[in-house]
Ligand SMILES: CC(C)(COP(=O)(O)OP(=O)(O)OC[C@H]1O[C@@H](n2cnc3c(N)ncnc32)[C@H](O)[C@@H]1OP(=O)(O)O)[C@@H](O)C(=O)NCCC(=O)NCCS
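Numbering (full-length UniProt numbering), first residue to last: 1 to 231.
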């Protein structure tokens with residue numbers, strides 16, 4: 001069954017969200033971060049939309065550096081199915097930005113705002129401390145349909161991002177799930193820091209670790225030291 005890397009767009013949001021939900025289903029923090037629908041009367045204009053496909057589309061539309069890339073199984077496609085088996089969202093920050101590259105830690109209605117701030121907020125701050133305003137490629141999302149894992153799709157999407165980073169001579173950065181970490185190491189990412197978050201107050205694990213990983217700029221030293229001057 002041949003796999004192909006292709007650009008993705010808003011029409012892929014539904015399937016990307018379905019794959020994400022299936023891929024993260026077994027994660028011990030999914031139910032903590034995303035306990036379900038919440039009634040909220042604090043609708044504000046900047047709030048993310050409530051359903052996940054719309055949130056993804058919102059992120060894509062918000063920032064021209066956001067790239068969606070997917071892996072398609074062409075045999076499935078030939079049989080009339082949506083052939084997407086894996087999805088990635090990259091931010092390719094090609095030019096410096098004085099204010100840095102901070103994404104929101106909010107995940108909108110249905111999410112546990114406090115837990116999201118604890119986890120995603122810490123990720124945003126650590127990335128900013130390390131990279132500041134420096135150009136870099138950031139892997140925000142990567143997930144493969146569980147029925148198609150270990151076929152090389154995740155590796156194909158990582159090679160796409162690494163290729164872009166090398167073409168531009170910039171480092172790449174990501175926060176790794178325990179499942180993703182070995183894959184990232186194989187692709188030249190090194191652990192530069194670790195987040196250890198206590199979710200026990202919501203019935204989750206007392207210690208959930210996410211490795212913060214950097215792949216240095218090809219041919220250069222890359223950003224391995226905190227970029228304090230740029231923050
Ligand atoms: C991590 C993930 C994207 C890998 O996708 P994939 O398409 O299976 O990747 P590949 O087929 O290229 O796998 C290559 C390597 O990844 C690692 N890997 C893949 N799935 C793994 C798993 N479930 N547990 C541990 N390692 C895994 C292995 O090192 C594997 O190589 P091997 O089969 O030779 O041992 C996929 O497992 C996934 O979607 N997991 C849930 C969501 C997630 O954690 N995403 C990463 C966010 S940081």
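A virtual CB, placed ideally from N, CA and C, is assigned to each residue, including glycine.
Query, Result
"Taking the straight line between their C-alpha atoms, what separation do you get for residue 62 and residue 90?", "13 Å"
"Just to confirm, are residue 106 and residue 86 a CB contact at a threshold of 9 Å?", "no"
"Quick one: grab the DSSP three-state call for residue 73.", "strand"
"Between residue 24 and ligand 1, is the CB less than 8 Å from at least one heavy atom?", "yes"
"Threshold first: 4 residues or longer. Then list the alpha helix (DSSP H) segments lying entirely within the segment 170-206, N to C.", "181-186"
"Can residue 246 be considered in contact with ligand 1, in the sense that its beta carbon sits closer than 8 Å to one or more heavy atoms?", "This structure cannot speak to residue 246, because the chain is shown only from 1 to 231."
"Taking 8 Å as the line, does the beta carbon of residue 86 fall inside it for any heavy atom of ligand 1?", "yes"
"Are the beta-carbon atoms belonging to residue 174 and residue 193 less than 9 Å from one another?", "no"
"DSSP on residue 14, reduced to helix/strand/coil?", "helix"
"So, is residue 130 buried or exposed, given that buried needs 16 or more other C-beta atoms within 10 angstroms?", "buried"
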